[in-house]
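K.L.:
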Amino acid sequence: MGVLYLVRHGQARAQAYGAGAWAQHEGGLTELGAEQARRAGVALAARVGHIDHAVSGDLARQRETLARILAEFPTATEVAPEPHLDPRWNEYDLEAIISDTDRTESPTEKRFQAHLDDSLRDWIARRVVGSETWDDYRSRADAAMDDAVAQAGSGRTVLAVSSAGTICAVLARLWGLDDERWLTLARTMINTSITKVIVGGSGCSIVSINDHAHVDLVADRSLMTFR
Numbered sequence: 001m002g003v004l005y006l007v008r009h010g011q012a013r014a015q016a017y018g019a020g021a022w023a024q025h026e027g028g029l030t031e032l033g034a035e036q037a038r039r040a041g042v043a044l045a046a047r048v049g050h051i052d053h054a055v056s057g058d059l060a061r062q063r064e065t066l067a068r069i070l071a072e073f074p075t076a077t078e079v080a081p082e083p084h085l086d087p088r089w090n091e092y093d094l095e096a097i098i099s100d101t102d103r104t105e106s107p108t109e110k111r112f113q114a115h116l117d118d119s120l121r122d123w124i125a126r127r128v129v130g131s132e133t134w135d136d137y138r139s140r141a142d143a144a145m146d147d148a149v150a151q152a153g154s155g156r157t158v159l160a161v162s163s164a165g166t167i168c169a170v171l172a173r174l175w176g177l178d179d180e181r182w183l184t185l186a187r188t189m190i191n192t193s194i195t196k197v198i199v200g201g202s203g204c205s206i207v208s209i210n211d212h213a214h215v216d217l218v219a220d221r222s223l224m225t226f227r
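Mapping of the sequence shown onto the working numbering: position 91 corresponds to residue 91, and the numbering continues sequentially without gaps.
(1) Can you list the beta strand (DSSP E) stretches of 3 or more residues lying completely in the region 34-80, in chain order?
(2) From N191 to S119, what distance separates their C-alpha atoms?
(3) I believe A40 touches I69 by the beta-carbon criterion, under 8 Å. Please report the beta-carbon distance rounded to the nearest angstrom.
(4) Pop quiz: S162 and R8 are said to be a contact at Cβ under 8 Å. What is the actual Cβ separation, rounded to whole angstroms?
(5) Compare the Cα-Cα distances from S222 to each of L4, V3, Q11 and G2 and report the closest residue.
(6) My understanding is that I124 touches M1, with C-beta atoms under 8 Å, so please give their C-beta distance in whole angstroms.
(7) Okay, do the region 153-172 and the region 180-188 touch, 3+ Cβ pairs below 8 Å being the bar?
(8) Cα separation between L94 and G165?
(9) Please classify I98: does DSSP put it in a helix, a strand, or coil?
(10) Residue range of the beta strand (DSSP E) that S222 falls in?
(11) Could you pull out every unbroken alpha helix (DSSP H) segment of at least 4 residues lying fully inside the region 176-209, listed in chain order?
(12) Is it buried or exposed for L228, if we count other Cβ within 10 angstroms and need 16 for buried?
And the structure:
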């Protein structure tokens, strides 16, 4: 039996969406997002001790989250896994779905969510083209998941860092959720939340989802964010 952990990226800078999503030199995370990622790393290191295979999308916010998580794993007795980049784990293309002329709010602002949801429904229904179709997006997310599952052989632990939509897309396939429920599920994902999938001979079993205890602290409620 193997284990696959799916982690959403930390809080991203507003400029880390759209055209700036790949700008590594500017950094993908806010200061808070970096701390969220560090705490996720501490939490995972306490659970599993080591990671056999680590992968993320190639967006700056995803890559930086993965690097900060892996930095919290002990390396004195073993070699840390080399992070792999797989753009199939990338989020849907926000800029292509919501044009600049339509945008009036930053992706980090709460009122943007309703606008985003409506635009995503249009995309799913093919009323918006985007840079890829909804079906193509789901297919590449499923393919990325299949490869991660293949890495999670007996006794192996795999870590994949992605985004809310893409993580929920693969969960929707496993649970047989329709498109509207995918949208609802994605809306609930906390930054750096951890989802655990057990990989066995009979397939994949989701045993926990959106675990965010590492940022859900009474001493500092600002650690828990949706955007």
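Yeah, the Cβ is synthetic: ideal placement off N, Cα and C, and Gly gets one too.
P.N.:
In this structure, then:
(1) 53-56
(2) Position 191 of the sequence shown, counted from the start, is the residue given in the question as residue 191. Position 119 of the sequence shown, counted from the start, is the residue given in the question as residue 119. Approximately 22 Å, taken between the alpha carbons.
(3) Indexing the sequence shown from 1 puts residue 40 at position 40. Indexing the sequence shown from 1 puts residue 69 at position 69. With 8 Å as the limit, A40 and I69 qualify as a contact, their Cβ atoms being about 5 Å apart.
(4) As a working mapping, residue 162 is identified with position 162 in the sequence shown. As a working mapping, residue 8 is identified with position 8 in the sequence shown. With a Cβ gap of about 7 Å, S162 and R8 count as contacting.
(5) Here the question's residue 222 lines up with position 222 in the sequence shown. When each option's Cα is compared against that of S222, the closest is Q11.
(6) The residue you call residue 124 lines up with position 124 of the sequence shown. The residue you call residue 1 lines up with position 1 of the sequence shown. That pair is no contact at about 35 Å.
(7) yes
(8) Sequence index remark: in the sequence shown, residue 94 carries index 94 (1-based). Sequence index remark: in the sequence shown, residue 165 carries index 165 (1-based). Their Cα atoms are separated by approximately 11 Å.
(9) Taking the sequence shown and counting its residues from 1, one reaches residue 98 at position 98. In the structure shown, I98 sits in coil (DSSP, three-state: anything other than H, G, I, E or B).
(10) Within the sequence shown, residue 222 is the residue found at index 222, counting from 1. Premise fails: S222 is in no beta strand (DSSP E) and is neither H nor E.
(11) 179-187
(12) For the chain, the structure presents residues 1 to 227; residue 228 sits outside this window and is missing.
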